[in-house]
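Visitor: Oh and the sequence shown: position 245 is 368 in the numbering used here, straight run, nothing missing. Attaching a single structure in structure tokens format; questions to follow.
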Amino acid sequence: MPAKTPKEHVCWGGGCEHSQHHQLEVRDLRVSYREVLALDGIQFASECGRSVALIGPNGAGKSTLLKTLAGLMQADSGSIIWRGQPLTRSSHEIAYLPQRGDVDWNFPITVRGLVEMGRYPNLGWWRTFSKHDADIVERALTAMDLLDLQDRQISALSGGQQQRTFLARALAQEAHVLLLDEPFTGLDKPAQENLSRLFRELTAEGRLLIASHHDLQTVTGFFDDVLLIKRTQVVFGEVATAFTPENIAAAYGSSAAIRE
Numbered sequence: 124m125p126a127k128t129p130k131e132h133v134c135w136g137g138g139c140e141h142s143q144h145h146q147l148e149v150r151d152l153r154v155s156y157r158e159v160l161a162l163d164g165i166q167f168a169s170e171c172g173r174s175v176a177l178i179g180p181n182g183a184g185k186s187t188l189l190k191t192l193a194g195l196m197q198a199d200s201g202s203i204i205w206r207g208q209p210l211t212r213s214s215h216e217i218a219y220l221p222q223r224g225d226v227d228w229n230f231p232i233t234v235r236g237l238v239e240m241g242r243y244p245n246l247g248w249w250r251t252f253s254k255h256d257a258d259i260v261e262r263a264l265t266a267m268d269l270l271d272l273q274d275r276q277i278s279a280l281s282g283g284q285q286q287r288t289f290l291a292r293a294l295a296q297e298a299h300v301l302l303l304d305e306p307f308t309g310l311d312k313p314a315q316e317n318l319s320r321l322f323r324e325l326t327a328e329g330r331l332l333i334a335s336h337h338d339l340q341t342v343t344g345f346f347d348d349v350l351l352i353k354r355t356q357v358v359f360g361e362v363a364t365a366f367t368p369e370n371i372a373a374a375y376g377s378s379a380a381i382r383e
């Protein structure tokens with residue numbers, strides 16, 4: 124996929140134009156999980172308007188990295204810089220979308236109810252749900268083509284509809300950065316292509332998407348950049364130059380992994 128011209132982030136709700144470009148920078152990150160070293164030496168920078176495939180074998184630390192970027196796990200050392208400032212805790216500008224298998228889809232909530240949860244980080248302790256918040260939820264539902272499904276229980280959704288609902292929640296949160304854990308897993312080809320189209324629309328609006336991904340055949344068509352890891356960093360760069368058989372072999376141990 125060709126490189127895109129950097130764009131300013133589109134902030135919903137009005138009154139929040141940005142004069143400078145938004146960058147997420149990771150510097151020499153080291154993370155342990157239950158006293159076991161999970162990641163070491165992770166270092167890259169990306170910006171709003173880009174999509175990044177996070178690639179590596181099982182146990183490479185992909186989910187750990189996403190949770191650390193989201194502020195859900197603590198790093199042993201290194202730093203995460205967002206918009207020029209250290210990211211020391213969870214931020215409403217960064218949204219984490221878990222694997223679908225980690226979600227209790229039997230929880231009694233509608234599509235609209237789940238998307239409304241995206242407004243909670245902006246409400247704080249004392250603010251009530253306002254017309255402004257309702258308007259943003261409405262816009263998020265419209266953007267993800269969910270208005271006709273807004274009253275449906277989440278347990279009745281297809282895999283693609285579930286992913287769109289979580290994306291709508293992230294949009295309602297007004298997130299600049301979307302961190303997705305295996306978003307294409309379990310989707311049929313049409314649903315994957317639809318989700319890829321939504322990714323392109325979201326980055327064109329000025330958001331940064333970082334998604335763990337296991338289907339090596341679709342990396343080139345779905346993403347701008349690639350971060351290959353195997354607990355340590357193998358390579359980061361544009362798909363056209365970094366996603367090579369040699370780098371894949373360094374991560375997976377065999378260039379045959381490209382044929383998976």
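Where is the CB? At the ideal position from N, CA and C, for every residue including glycine. All values derive from a computational prediction rather than experimental measurement.
Within 10 Å of its beta-carbon, does V159 have 16 or more other beta-carbons around it, so buried, or fewer, so exposed?
Guide: Exposed.
Visitor: Which one of V154, K254, G283 and R157 has the shortest CA to CA distance from K312?
Guide: Checking every option, the nearest Cα to that of K312 belongs to G283.
Visitor: In the DSSP assignment, the alpha helix (DSSP H) including Q284 goes from what residue to what residue?
Guide: Looking at the DSSP string, the run of the alpha helix (DSSP H) that includes Q284 is G282 to A295.
Visitor: Helix, strand or coil, according to DSSP, for L310 in the structure here?
Guide: Of the three classes helix, strand and coil, the one that applies to L310 here is coil, per DSSP.
Visitor: State whether the segment 227 to 237 contacts the segment 315 to 322, with contact taken as three or more CB pairs (one from each stretch) at a distance under 8 Å.
Guide: Too few Cβ pairs lie closer than 8 Å, so no.
Visitor: Under the rule that 16 or more other beta-carbon atoms within 10 Å means buried, what is K254, buried or exposed?
Guide: With fewer than 16 Cβ atoms within 10 Å of its Cβ, K254 is classed as exposed.
Visitor: Check each candidate in A193, I203 and E170 and name the one with the smallest Cα separation from G164.
Guide: For G164, the nearest C-alpha among the options comes from I203.
Visitor: Below 8 Å on the Cβ atoms is my guess for L301 versus A293; work out the distance and round it to an integer in Å.
Guide: Between A293 and L301 the Cβ distance is about 5 Å, and since that is below 8 Å, they are a contact.
Visitor: Could you give the uninterrupted runs of the alpha helix (DSSP H) lying entirely in the segment 190 to 255, keeping only those of 4 residues or more?
Guide: DSSP runs (the alpha helix (DSSP H)) wholly in the segment 190 to 255: 234 to 239 and 243 to 246.
Visitor: If you count every other CB in all the chains shown that lies within 10 Å of the CB of T251, and 16 or more means buried, which is it?
Guide: It counts as exposed.
Visitor: Report yes if the C-beta distance between E361 and D338 is below 8 Å; otherwise report no.
Guide: Taking 8 Å as the Cβ cut-off, E361 and D338 do not qualify as a contacting pair.
Visitor: Should the segment 206 to 215 be called in touch with the segment 173 to 191, which here means at least 3 C-beta pairs below 8 Å?
Guide: Cβ pair count under 8 Å is below three, so no.
Visitor: State the beta-bridge partners of F167 as determined by DSSP.
Guide: In the DSSP output, where bridge partners are listed per residue, F167 has V149.
Visitor: Taking the straight line between their C-alpha atoms, what separation do you get for F167 and R275?
Guide: Their backbone Cα atoms lie some 40 Å apart in a straight line.
Visitor: Does the Cβ of L331 have 16 or more other Cβ atoms within 10 Å, making it buried, or fewer, making it exposed?
Guide: Buried, since its Cβ has 16 or more Cβ neighbours within 10 Å.
Visitor: DSSP three-state label for A266, please.
Guide: Correct three-state label for A266: helix.
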